[in-house]
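Counting in numbering that gives the first Met the number 0, the sequence shown runs from 0 upward without gaps. Below is one structure, written out as structure tokens, with a few remarks after it.
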Amino acid sequence: MATQTANLIDASYLNTQYEWYQKTFPPVIQNSCDEFFTGGLLFTLIGISKNVMPEFGTKESYFVTKIRIDKQHDLFFRSSEGALAIVLEKVLGKAQKKFNINKMTDLEAKIVTAFNDYLYGAVSDLIDKPGVQLKRTNFDVIHLTLIVRDPETQKGAKFMVTLPEVLLHPEATSSSGEKFQRESFLRSTIAADIKIGKTKIPVFDLKNIEPEDVVVLDKSHTSKMTLQLGDYIKEFNVTPNMAISIPMDIDTGGYMAETNLWDSLEVEMSAQFDKTLITLGNLKSIEENAVVDVASVYDNNVTLSVEGKPVAYGELVIVNDKYGVKIKEVLAVKPGGNEGGAAAPDSSVDAGGAGAEESFDMDDFDLGDDI
């Protein structure tokens, strides 16, 4: 726990020093590269860390150059395998085989080492000269992570510089404006999809769905909903709004009319609210598996869809321990006819929700005289 707290403190003050590091080291590294290799490569600072070596994506092998500042302090240059390939291709031309750090030639190693020595000559002017010290007591180091990029090929890779913190005196910057309050952040909103549940419905019932009908979502529960935000999907616990409960006996019997085999087939129907604004506070609660009060979304329009296409709009109701949708408007195109209702009502958020999609066409399930 103490280590975690220390890391948070370190990250906080490093953020205030980022501008100084950005102004101090990248220009010198860039200038040294331009002088040594006659240009063609770009260096960009992307991160600063203390003691902990940063990891970005997959692990890579590094060519490490250790340079002794004095008996108690060292500086390190770490070139990733990708960075070496970019630099050597710029200097020696494109190789016939893919570069392998474990099979570097003496010439390649000498080029990289010579550049690191040249770079040290410039960087050493940016750090303090070590004073007389009987015993070193501060072993903290600062890692500067940069991306070296070839603008022609658009290839980029990591290059790192590790410096003794005791030899650095960065300037901290502070904001003069009003600080952003955590409470304000948690009240901020983001558009998301909230899925309510699913059910299986016979094709016959789908063809004959009408306003005021109630579709009970068999695969739902009044204490659960599902949030989808891009690729992130999370089931979460909700406080049911019992005010939307309606009395209803769920009929699981046969059909009221004679049907053919095709009409007796079942399709999956899903229900979700139109694109909904959810607070970041609620999003945080969902991630922490807490019970979320979503009372503000109960009045939002609900879309019933089949195969991703809207069939009808309605309002959310509770039937026993399941959610249901009371149909207000039918959108699906009846066999041989027009859509069952007028234009779809406005969504709660204009973000390309289900209302913008093509309505479901019942002709897909109409076989005419074929059966």
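Where is the CB? At the ideal position from N, CA and C, for every residue including glycine.
Chain-order list of residues whose beta-carbon lies under 6 Å from that of Ala-379 (same chain, five-residue window excluded): In this structure the chain extends from 0 to 370, so residue 379 is not present and cannot be described.
Continuous alpha helix (DSSP H) stretch holding Ala-113: start and end: 105 to 122
Whole-Å CB distance - Leu-40 paired with Lys-89, under 8 Å assumed: 6 Å
Beta bridge counterpart(s) of Gln-227 as assigned by DSSP: Asp-192, Ile-232
Buried or exposed by the 16-neighbour rule on C-beta atoms within 10 Å, applied to Leu-125: Leu-125 should be labelled exposed.
Stretch-stretch touch, CB-based, cutoff 8 Å, three pairs: the region 284 to 298 with the region 229 to 249: Counting Cβ pairs under 8 Å, three or more are found: they touch.
Host beta strand (DSSP E) of Val-296 (start-end): No beta strand (DSSP E) contains Val-296, which DSSP labels as neither H nor E.
Extent of the continuous beta strand (DSSP E) to which Phe-76 belongs: 73 to 79
From Leu-166, Phe-62, Leu-143, His-142, residue whose alpha carbon lies closest to that of Ile-110: Phe-62
Backbone CA spacing between Gly-196 and Leu-260 [nearest angstrom]: 27 Å
Helix, strand or coil at Glu-209 [DSSP, three-state]: coil
Pair within 8 Å by beta-carbon distance, Thr-43 and Leu-145: yes
Inter-stretch contact (C-beta, 8 Å, three-pair minimum) for the region 184 to 193 and the region 279 to 287: yes
Close beta carbons around Thr-225, own chain, < 6 Å, minus the five adjacent residues each side: Lys-194, Glu-234
Three-pair Cβ contact test at 8 Å for the region 19 to 30 versus the region 98 to 108: Taking 8 Å as the limit for Cβ pairs, the verdict is that the region 98 to 108 does not touch the region 19 to 30.
Cβ-Cβ distance between Phe-158 and Ser-78 below 8 Å: In terms of Cβ geometry, Phe-158 and Ser-78 form a close pair [threshold 8 Å].
Reduced DSSP secondary structure (H/G/I, E/B, other) of Ile-28: helix
DSSP state of Gln-271 mapped onto helix, strand, coil: strand
Residue burial classification, Phe-35 (beta-carbon count within 10 angstroms, cutoff 16): buried
Cβ-based neighbour list, Ile-375, same chain, cut-off 7 Å, excluding 5 preceding and 5 following: Here the chain has residues from 0 to 370 only, and residue 375 is not among them.
Same chain only: Cβ atoms within 7 Å of Ser-222, ignoring 5 sequence neighbours per side: Asn-236, Val-237, Pro-239
Sheet register partners of Thr-278 (DSSP bridge): Thr-188
Helix, strand or coil at Leu-216 according to DSSP, with G and I counted as helix: coil
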